[in-house]
């Protein structure tokens with residue numbers, strides 16, 4: 001079968017169909033260009049958002065550290081005052097009392113920043129999640145497997161936000177003596 005130029009589908013097509021196809025192609029090219037431009041704007045917006053989020057996080061950390069340092073400066077000032085006390089007139093009792101006051105102030109500041117003292121009592125149950133047994137010690141007044149003494153207190157940090165259930169992370173476990181089981 002030979003193709004007669006007068007009966008080919010191209011020649012039989014509506015003369016306006018080429019214009020419509022060309023118009024549709026131009027329309028699709030414009031839609032593609034618009035979509036690509038929108039994508040690039042969205043990508044730039046997202047990258048700007050990421051940059052701002054990183055800067056905000058860095059600023060929040062810096063402000064947090066600044067608040068902690070600022071709150072500790074008073075403790076440092078009190079240590080300086082204690083070190084400048086006339087050792088000829090101060091009694092040992094006064095010095096110990098001053099150190100206790102400074103310690104209490106430091107603990108109060110730490111608590112205001114979410115740090116809590118972990119100091120188990122004699123007879124408390126040993127919890128390996130918050131205690132570290134450094135020695136076994138016989139003591140008949142304490143049941144086996146229980147804490148005999150706290151050798152060094154531990155500390156926890158509150159990791160929950162206000163209004164959420166309290167969650168704490170152990171910063172340092174309490175060092176304890178435990179009665180052998």
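In this note's numbering, the protein residues as written are 1 to 181. All residues carry an ideal CB built from backbone N, CA and C; glycine is no exception.
Inter-residue CB distance, residue i and residue j (contact presumed, cutoff 8 Å)
{"i": "residue 148", "j": "residue 140", "result": "The pair is not a contact, with the Cβ atoms about 10 Å apart (cut-off 8 Å)."}
{"i": "residue 160", "j": "residue 109", "result": "Incorrect: roughly 20 Å between the Cβ atoms, too far for contact."}
{"i": "residue 82", "j": "residue 64", "result": "At roughly 28 Å, the Cβ-Cβ gap does not stay under 8 Å, so residue 82 and residue 64 are not in contact."}
Residue j beta carbon less than 8 Å from that of residue i
{"i": "residue 102", "j": "residue 84", "result": "no"}
{"i": "residue 156", "j": "residue 164", "result": "no"}
{"i": "residue 154", "j": "residue 172", "result": "yes"}
{"i": "residue 117", "j": "residue 107", "result": "yes"}
{"i": "residue 104", "j": "residue 75", "result": "no"}
{"i": "residue 180", "j": "residue 136", "result": "yes"}
Beta-carbon proximity list for residue i, same chain, < 7 Å, skipping 5 on both sides
{"i": "residue 122", "result": "142, 147, 148, 149"}
Cβ-based neighbour list, residue i, same chain, cut-off 6 Å, excluding 5 preceding and 5 following
{"i": "residue 158", "result": "114, 168"}
{"i": "residue 170", "result": "130, 156"}
### Query
Unbroken beta strand (DSSP E) runs of length 3 or more, entirely within the segment 109–143: which are they?
115–118, 131–136
### Message
Quick check: the segment 169–177 against the segment 124–137, are at least 3 beta-carbon pairs closer than 8 Å?
### Response
Proximity of the segment 124–137 to the segment 169–177 meets the contact definition, three or more beta-carbon pairs being nearer than 8 Å.
### Message
Extract the residue ranges of the alpha helix (DSSP H) inside the segment 41–67, only unbroken runs of 4 or more that lie entirely within it.
### Response
Considered as a whole, the segment 41–67 harbours no complete run of any alpha helix (DSSP H) with no fewer than 4 residues.
### Task
Entirely within the segment 62–96 and at least 4 residues each: give me those alpha helix (DSSP H) ranges in chain order.
none
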